[in-house]
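Notes follow once the structure below has been shown.
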Amino acid sequence: MKLRQVPDFGTWRAACSRCHGCVDIELEVAINILLQRGSLATLDAQPIKDQADGYYVRVGNNASLRFRWNDPYIENAEFVCGDLK
Numbered sequence: 383m384k385l386r387q388v389p390d391f392g393t394w395r396a397a398c399s400r401c402h403g404c405v406d407i408e409l410e411v412a413i414n415i416l417l418q419r420g421s422l423a424t425l426d427a428q429p430i431k432d433q434a435d436g437y438y439v440r441v442g443n444n445a446s447l448r449f450r451w452n453d454p455y456i457e458n459a460e461f462v463c464g465d466l467k
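Quick note: the sequence shown uses the working numbering, first residue 383, plus one each step.
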């Protein structure tokens, strides 16, 4: 699921129809700045997992953001519901 930006608040938000405690996650604009600098490791000490299809960054109880290789921009990230293996 793609993220959408909420212009009035400067946050990124994702919502899904399933409820695993991760619905309607808000991310601060600072995350976007960090990602543009390629500094994935500084996202609030969240665990990061490298996989064949990109980087996974935990953003909630049971949710992650998937960043494709060579594309660290949050507007292209995908919201993934489910735990990292």
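For each residue, glycine too, the CB sits at the ideal point set by N, CA and C.
In this chain, the beta strand (DSSP E) harbouring E460 covers 460-463. About 5 Å separates the Cβ atoms of F449 and A459, confirming a contact at the 8 Å cut-off. Taking a 10 Å sphere around the C-beta of Y437, we find 16 or more other C-beta atoms and assign the residue as buried. The alpha-carbon of R440 is positioned some 13 Å away from that of I456.
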